Structure formats: C-alpha cells, structure tokens
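Q: This structure is in structure tokens; I'll ask about it shortly.
There are 2 protein chains.
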Amino acid sequence: MHEIHVGKDLREHNREIARENREKLKGRGIVALNLMSAPGAGKTSLLVSTIPHLKDKYNLGVIEGDLQTSRDAERIKELGIDVYQIQTGGVCHLDASMVHSAMHELDLAAIDLLFIENVGNLVCPAEFDLGEDGRVMLLSITEGDDKPKKYPLMFAESRLLILNKIDLLNHVDFDISRAKREALDINPRLEILELSCRTGDGIDEWISWIDRFYSESGGA
Amino acid sequence: MHEIHVGKDLREHNREIARENREKLKGRGIVALNLMSAPGAGKTSLLVSTIPHLKDKYNLGVIEGDLQTSRDAERIKELGIDVYQIQTGGVCHLDASMVHSAMHELDLAAIDLLFIENVGNLVCPAEFDLGEDGRVMLLSITEGDDKPKKYPLMFAESRLLILNKIDLLNHVDFDISRAKREALDINPRLEILELSCRTGDGIDEWISWIDRFYSESGGA
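Listed in order, the protein sequences are those of chains A and B.
Quick note on this note's numbering: the first sequence kicks off at 5 and runs consecutively.
Quick note on this note's numbering: the second sequence kicks off at 5 and runs consecutively.
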C-alpha cells in the first residue's frame, strides 16, 4: 500500500492506536509477536507445531487475522488456546484498531504470550504497527530465494526471519545462502532460522528464540 | 484493500482509465491477460516456460509489475521479448494508470498478445481492472488447498486457475479435489489447469487455452 491510498491521518491514527495497544499490553506484562508472511507460507501450521511446546510454560493467546473464514482459529482452538478471529472482510492486513477490538474480547489477565497471525500478504501488513513487541516473518522456500529484494519492507521490519518448509529443499531451486545474504543486506540485524513443521527441524531453535525474546521484552 | 482506504473517486478513476486501456488495446487488436498470484507462485517462471511455445505464433509483449527490482523483466528480456518493467515503489498491486503509462512505452503496433504480470499478492490486484481481456491466477500447491475460501475475490474474478508446482504433490499435503471444489463453489465458470514448469506437465493444455482465449477475444 502507498501514500496515495493511505493518507497521513489514517497512518497517524494507526500509530496512536498501536501506542495504546502497546501500553495496555506492557501494563499487563504481555509480550506480543506479530507473525507475517505471504499466503500459505505456514503461519498457522507453525503455531500449531509451536503451541504444544509452549503451553506448559506460558499462558498463550492467539489473534487470527483472515479475510474470510475462521478455519485458522479453529485449528488453534482445538489445542485448547484462547483465540480471537478477526475477519477483515477483504482488508489485506491487520491494523491497530482491529487488534484493539480483539484485545477487548480476550481475557488479557490470563495471557502472558500473545501471537497475532496477520493476513497472508508480503506487502501491506509490514506498514501497520499493531502494538506488538516484535515481528516474525516466514518465507517458505517454495516462494523463491529472490523475495527479500522484491519485498524489502517486511524483511526490514522483522526481528526474525523463518525460512520455512525446509524439508522441500531438494525439490525446489532455492539458494539459502543467497536468500540470507539478500535479507541481511536489507536488515543486518535480522535473525534467521531454518524450519520445517513437517519434520520438526528447527522447532527447538524457534522455541529457544521465543524464550529469549520473551525475557528480553520484559515478560514476567 | 477496502473502501476505507480506497475511496470511490479513486476506484471510479481506475475504472475510467481501465476503459481507456481496453479501448486502446481492442483498437489495435491486442489481447491482454492479467497474471495474478501470491508471491513466489511462479508467474515469471510460467511466462519463461510459455514464451518459447508462443513466440513463433504471436507477437508478444510483457508488462512486469514489481514493488522493486527489474529481475523478472530481465528474465523475460533474455527471451527476446519486448518487456516493460513497472516498479510500483511499494504499491501492492498494479492499477490501470500504471498500465496506461507502460502502454505508451511499448511498441503496441508490434504486439498482438500482451501478458501483464501483476505484483505478487492474493488480495489487492483482484480489485483493480487494468483493461485486460481476462485474468489468469496461479495457486502454487505449496500454499495449501484452503486458499480459495480464504482469498475468494481473486478466484471469483479469474477466468482460469492454474494449480502450479504440481510436481511437488507427493511432498505436500494438498487435496486437489478439495481445492477445485472450493474454487468452483466461488466461481462455477472458472477453468482449472494443473501445471508444472519443472516437468512441463500441463504446458500444452495452457498453450491450447491461450490459443482458444485469443481467438475468442477477437485476436487477429
């Protein structure tokens, strides 16, 4: 999205609501991660694989963003997690006020780690601060190793890049070192993990990353 | 994208320019296809695989839409095709005026089949008429069989759905009949092809589809 479509007032309005969200989350000791990627890169599958490793350590909450349907939320709910589904009705990203509304519906007193799964889109979600503590993006290796320079903003704005579906590496043309190099050119501080929900490779490193991020972000 | 972000005037403006584009293309006997998909679903690779089969039959032109970089255009140019690169500078879709400008730069008298490769995004491109004759969308099977109901507009607006990267079918969980059924629920007239640029499966059917579409659309 672009200045022509989203005027300054709307952006400033989003920043204000994001600030409110952030204060409210901080005030309650909640650490929030915003998960972003193109459609089908595996955000929900990652959450489904991650939650069993975390649910004894943290009180988890999930906000699911989708254009339509509550399928992703249903997959999370089956794991016994408090989940709120935002259906954006066609809007291609979450914004701070959508998350603000969702926060009113969740039992925040019972949450200390909140995942916000954004709408599948490599562009617009990166432009909207939700009040989160950090951004994690997934790039499925089936999408190609040329994506960092083609969609730079999301790489620039993320703390962690997860190269996902690494089990398919022998079946696609994806140069991991090229993708990493180009991502680091855009964002030298970006951390990068390789992961496969199918085989479980990289899940332990991802859980360790979450634990470290949680304590660095002032989680209880 | 949504009414809140794109006001009626802007949409109406886009429709007017799209009408102009359509008249200009029709007047010159050019048939135009708008290729849309999520990032990394294989639009450029499809063009690269397609062009050698078409270049003796048609005078081809390509308009490439990307946020940044001209990598896709370079891949097309290597095949000896007239190509124009639109760098949207962050805008997550092509609009009619971008295509209008590109049409000024191409030698339209020397083109009879024009491919417009949209920005990689399953949402916003579907909302912007470019003046094309038809829309073709790609869904890589690595993105998951749940995408039609989650991103319905693009499925509703397309003439043809290409299920791409079909060579990976044994390596991912993708129920082809489910994906087709859900896509047809949204758009009963949607045509569907299965394709792999790696193995060449489905390329012949895709070329036949183009030939038929070209003559049905009044191509010379």
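The beta-carbon is built from N, C-alpha and C at its ideal position, and this holds for glycine as well.
Quantities reported herein were computed from a predicted structural model and do not represent experimental measurements.
1. Leaving out five residues on either side along the sequence, give the residues of the same chain with a beta carbon under 8 Å from the beta carbon of L58(B).
2. On the criterion of 16 or more Cβ atoms from any shown chain inside 10 Å, does H97(B) qualify as buried, or is it exposed?
3. Give the interface partners of L134(B) over in chain A, defined as CB-CB distance under 7 Å, in chain order.
4. What would DSSP say about S53(A), mapped onto helix, strand or coil?
5. I need the DSSP call for I115(A), collapsed to helix, strand or coil.
6. Might you give, ordered along the chain, the residues of its own chain that have their beta carbon closer than 7 Å to the beta carbon of D76(A), omitting 5 neighbours on each side?
7. To test your reading of the DSSP string, which unbroken alpha helix (DSSP H) runs of 4 or more residues are found completely within the segment 147-216 of chain B?
8. Taking buried to mean at least 16 other C-beta atoms within 10 Å of its own C-beta, is G222(A) buried or exposed?
9. How about the segment 165-175 of chain A and the segment 137-153 of chain A: do they share at least three Cβ pairs that are nearer than 8 Å?
10. Which of helix, strand or coil does DSSP assign to I34(A)?
11. Check distances from the C-beta atoms of the segment 145-159 of chain B to those of chain A and list, in chain order, the residues that come in under 8 Å.
12. Closest to T146(A) by CA distance: which of D177(A), L134(A), C128(A), A130(A) is it?
13. Mind checking the segment 184-214 of chain B against chain A and listing, in chain order, the residues whose C-beta falls within less than 7 Å of any C-beta there?
14. Based on Cα-Cα distance, which residue from A36(A), A45(A), R23(A), L112(A) lies nearest to L199(A)?
15. Would you mind working out which of P56(B), R23(B), E24(B) sits nearest D208(B), comparing C-alpha positions?
16. Since Q89(B) sits in a beta bridge, which residues does DSSP pair it with?
17. Chain B beta carbons: is any one of them nearer than 8 Å to that of Q72(A)?
18. Should the segment 125-132 of chain A be regarded as contacting the segment 27-36 of chain A, the criterion being three or more beta carbon pairs within less than 8 Å?
19. Thinking C-alpha only, which one of P152(A), L50(A), I90(A) is nearest R182(A)?
20. Roughly how many angstroms lie between the CA atoms of L50(A) and E109(B), to the nearest whole one?
21. Quick one: measure Cβ to Cβ for A36(B) and D137(B), integer angstroms, because I've assumed they're closer than 8 Å.
22. Between R15(B) and chain A, is the shortest Cβ-Cβ distance under 8 Å, so that the two count as touching?
23. Show which residues of chain A have a CB atom less than 7 Å away from the CB atom of H57(B).
24. Would you give the residue range spanned by the alpha helix (DSSP H) that V140(B) belongs to?
25. Quick check: the Cα distance between N174(B) and L197(B), rounded to an integer number of angstroms?
26. Quick check on D179(A): buried or exposed, where buried means 16 or more other Cβ atoms within 10 Å of its Cβ?
27. Mind pulling the chain B residues with CB within less than 8 Å of L172(A)?
28. Please name the residue, chosen from V123(B), E220(B), L134(B), that lies closest to S101(B) on a Cα-to-Cα basis.
29. Give a yes or no on whether the minimum CB-CB distance between N122(A) and chain B is below 8 Å.
30. Kindly indicate which residue of E78(A), V87(A), T73(A) has the alpha-carbon position closest to the one of V66(A).
31. Grouping DSSP H, G and I as helix and E and B as strand, with all else coil, what is D76(B)?
32. Taking only the alpha-carbon atoms, compute the straight-line gap between T54(B) and L194(A) and give it to the nearest angstrom.
33. Are there 16 or more other CB atoms within 10 angstroms of the CB of E82(A), so buried, or fewer, so exposed?
34. Kindly indicate if chain A contains any beta-carbon less than 8 Å away from that of R1(B).
35. Based on the DSSP secondary-structure assignment, which residues constitute the bridge partners of M107(A)?
36. So, is the C-beta of N18(A) closer than 8 Å to a C-beta in chain B?
A: For this structure:
1. L64, L117, I211, I214
2. buried
3. Chain A residues near L134(B): none, gap ~17 Å exceeds 7 Å.
4. helix
5. coil
6. T48, E68, D70, E121
7. 151-154, 156-161, 180-190
8. exposed
9. yes
10. coil
11. T146, E147, G148, D150, K151, K153, K154, Y155, P156, L157
12. D177(A)
13. none
14. A45(A)
15. P56(B)
16. E68(B)
17. yes
18. no
19. P152(A)
20. 45 Å
21. 5 Å
22. no
23. Result: empty, since nearest Cβ-Cβ is about 21 Å, beyond 7 Å.
24. Counting along the chain, V140(B) falls outside any alpha helix (DSSP H), though it belongs to the beta strand (DSSP E) covering 138-144.
25. 18 Å
26. exposed
27. T146, L172, H175, V176
28. L134(B)
29. no
30. V87(A)
31. helix
32. 37 Å
33. exposed
34. This structure cannot speak to residue 1(B), because chain B is shown only from 5 to 224.
35. In the DSSP output, where bridge partners are listed per residue, M107(A) has none listed.
36. no
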